[in-house]
Amino acid sequence: MSAHEPDLWAGFEEMTAEDVAGPVWDEPVPLNPRGELPVFPVDALPGWLGAMTAEVAEETQTPVDLAGCLALAVIGTAAGGHLTVTVRGQWSEPVNLYTAVALPPGNRKSAVFGLMTKPLLAAEKALIELTAPQRAEAAASARIAKAAAEKAEKLAANAEAEKLAELTAQAISLSEAAEKSVVPVEPQLVADDVTAESLTTLLAQQDGRISILSPEGEIFEIIAGRYSGVPNMGIFLKGHAGDMARVNRQARDAQYIENPAITMGLAVQPDVLDAIGEIKGADGRGLLARFLYSKPKSLVGYRNLTPQLLSPDTADTYTQKLGRLALTLAGWTESAELTLTPEADAVLLAYQRVTESRLRKDGPLAPIVNWASKRDGAVARIAGLLHLAAHPDDAWTKPIAVDSMAAATRLGDYFTAHALDVFNAMKADPAQEAAHTVLTHLTETRTATFTKRDLFRAMPRSEFPAMGDLDPALNLLEDHGWVRQQPPPPRTTRGGRPPSPRYETHPRLTPGA
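Spelled out as structure tokens, the structure:
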């Protein structure tokens, strides 16, 4: 090398890895950690119900959690509030449940609801036909009583003095009889979009029992005050607990429901589930604690396009057992009490002890103490429903066995894990959820570098309507060391729109690259 030529390697030995490849990455800080949520334990359901749940999930290519939670709700609907579970004589639980499954759009929720609720709607139609003669007779009797009362009033009004007292007494008696005439309404098992006021009326008309089964979350908007402007959750609280409801309003007859029983099986979009925590009074008054939550993974993008179809035998067995159960219990005028075998009671007592220890200030259930305080009651209700499904012809004649209670505790653990995730999301910084979505996308696509504009194009508009909505997520990911923004290129004199900010991702997201 000539003495006048530059030494191209001069100082290379002093160069660092940072000079060659940019700043060294530190270990990233995990976002608010999320464990893998458990999948609904289908084998905890009795055979015919579990088979229907699994096959509906397979045919529709939906998470089995949706059909599983709905399976519990439809049995609760069939029970119609006519059964209670008594534990050690200490407390009694009705066997109605509130379930809410969170799934994004496009997950065929309506198809699952259609298959799982079809026998209930058929039973409802059969009840309408069976009671038609009774309702027709009652309507005719009411018309006759009214006509007789009106005729007696006219006779009394035109009576001579010596007959006035006698005819007046007859008119009053007939008028009272006409007032007491009741024409039953058509039986109804399932409602959908219903206001709190209409729900109270339905309960009064349907002997205190009604079910809300819906693939949408509109009921939460109604509770929040869509029509009234203020939250209205009283009847929903009483309908879960079975507490007496008495309603007196102007221009309406007083409504009295001794033991209301509402069953709810809902499918909602995840953001609806997160938003219900913002309903004024929902947490403090215990509405949130009454729901059993499920947040399964969506299968969209991973579905089998040639799935196994629902077996006709499975569908027929499901239709017959559920329909017969609904028709049998719909005719009851009194409630039956379910008790526990000693072995089942021992299982529940052990579960109660675990719950109690975990409710301590530093326990794992302390963050959801309101919900977890109702966990044992929910398990008792689930055990009653599983017992009813296991013995649809005579469950009310025998105590709940140990296998039903053990299965109920497994479902209790499933709902506990999902409740922890749901309540954590309700209280979390909104940027956390957005950052999780972005990080999941970057991980799945093994993206090494990206522009903000490209990322926006790849993100769902339902979560990121505008490009600026990415900023909180990107800032949080950058703070945690998962991404870093590259220095912008030098500005040119040609003008025009500045280039979109470019980011690079932590090498952990692109293993082997």
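In this text, residue positions in the sequence shown follow my numbering: the first is 10, and each later residue adds one.
Built from N, CA and C at the ideal position, the CB exists for glycine as well.
Only a predicted model underlies this, so the values are computations on that prediction, with no experimental measurement involved.
In this structure Pro47 is in contact with Tyr423, their Cβ atoms being roughly 5 Å apart against a cut-off of 8 Å. Look at the beta carbons and you see the region 471-490 not touching the region 414-430: under three pairs across the two are nearer than 8 Å.
CA-to-CA, the gap between Gly77 and Thr323 works out to about 15 Å. DSSP places Pro103 in the strand class (E or B) of the three-state scheme. In the three-state reduction of the DSSP assignment, Leu92 falls in the strand class, which pools E and B.
Here the region 122-137 lies against the region 328-336, with 3 or more beta-carbon pairs under 8 Å apart.
Close CB contacts of Lys118 within its chain, under the 7 Å cut and outside five residues either way in sequence, are with Leu75, Leu112, Pro224 and Ala276 (chain order). Around the beta carbon of Leu301, a 10 Å sphere encloses 16 or more other beta carbons of the protein chains shown; the residue is thus reported as buried. Where Tyr423 is concerned, the enclosing alpha helix (DSSP H) starts and stops at Val411 to Lys436.
Listed in chain order, the alpha helix (DSSP H) elements of length 4 or more contained wholly in the region 319-384 are 321-339, 351-367 and 378-381.
Exclusion of the five residues before and after Val94 leaves Glu102, Leu347, Ala389 and Gly393 as the residues of its chain whose Cβ lies within less than 6 Å of its Cβ. Burial state of Ser182 is exposed, judged by a 10 Å Cβ sphere holding fewer than 16 other Cβ atoms. Across the structure, Gln317 and Leu124 are spaced so that their CA atoms are roughly 15 Å apart. DSSP, read as helix, strand or coil, puts Phe49 in coil. For Thr69, the enclosing alpha helix (DSSP H) stretches over residues Gly56 to Thr69.
The C-beta separation of Trp34 from His450 comes to about 20 Å, leaving the pair out of contact by the 8 Å criterion. Around the beta-carbon of Asp216, 16 or more other beta-carbon atoms lie within 10 Å, marking it buried. Taken through DSSP and simplified to helix, strand or coil, Glu175 comes out as helix. When the beta-carbon positions are compared, Glu64 and Leu395 stay at least 7 Å from each other. A straight-line Cα-Cα distance of about 50 Å links Ala156 and Trp100.
Excluding five sequence positions before and after Glu267, the CB atoms of its chain that fall closer than 8 Å to its own CB belong to Gly217 and Met253, given in chain order. Contact annotation, Ala375 with Arg369: C-beta distance approximately 7 Å; criterion of less than 8 Å satisfied. The continuous stretches of beta strand (DSSP E) do not include Gly234, and DSSP gives it neither H nor E. Under DSSP, the beta-bridge partners assigned to Phe300 are Tyr107. In this structure, the beta-carbon distance from Leu136 to Ala339 falls below 7 Å. Going by DSSP, Arg466 is part of the alpha helix (DSSP H) stretching over Lys461 to Ala467.
Residue pairing by DSSP puts Glu513 in a beta bridge opposite Thr458 and Arg493.
The C-beta of Val191 has fewer than 16 other C-beta atoms within 10 Å across all chains shown, which makes the residue exposed. Boundaries of the alpha helix (DSSP H) around Arg152: Lys118 to Ala166. Cβ atoms of Leu198 and Ala335 come within 8 Å of each other, at about 7 Å. Residue nearest to Ala353 within the set Arg97, Val83, Leu106 and Ala82 is Arg97 (criterion: CA-CA distance).
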